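Each residue of the sequence shown is one higher than the last, beginning at 1 in UniProt numbering. Encoded as structure tokens, the structure appears first; notes follow it.
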Amino acid sequence: MKKKRLDVRTMAYLAMFIGLTTVLSLLGKFMPIQMPQGGSISLDVIAIFLCAYLLGTWEGVVCGVCVSILQFVLGIALYYGPWSVLLDYVLPLAVCGLASLIKIVRVRNV
1 MKKKRLDVRT
11 MAYLAMFIGL
21 TTVLSLLGKF
31 MPIQMPQGGS
41 ISLDVIAIFL
51 CAYLLGTWEG
61 VVCGVCVSIL
71 QFVLGIALYY
81 GPWSVLLDYV
91 LPLAVCGLAS
101 LIKIVRVRNV
């Protein structure tokens, strides 16, 4: 298996997707889409999905983890304890980076 290096172009794309995800996260705070039982739909996972599809699985996971860290640094995220940090921010955004593992199914002649 060939070892892939993290080149300058990939780092620039990662920085762009992390910034886009942060902006979408801030927009989601101003325009929340609330569910009846208390959950919400956030727009920031769209950029993480896009990063995973365009750059690859490992880069998508790195983007998700970096975004969750950046949300805490900027004060966007709320937490109630260490388990809430892991289960509400780090793990879900890192799993969104695994989106490139899902095969895109094309439907023909429907």
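All residues carry an ideal CB built from backbone N, CA and C; glycine is no exception. Predicted model, so just to flag it, every value in this text is computed and none were measured.
A straight-line Cα-Cα distance of about 46 Å links R108 and G75. Straight-line measurement puts the Cα of D44 at about 5 Å from the Cα of L24. In the three-state scheme derived from DSSP, where H, G and I count as helix and E and B as strand, S42 is classed as coil. When the alpha-carbon of V95 is set against those of L78, G64 and Q71, the nearest one is in G64. A distance below 8 Å between beta-carbons, with the five flanking residues on each side excluded, links Q71 to the following residues of its chain, in chain order: T22, S25, A77 and Y89. The Cβ-Cβ distance between I18 and V67 falls below 8 Å.
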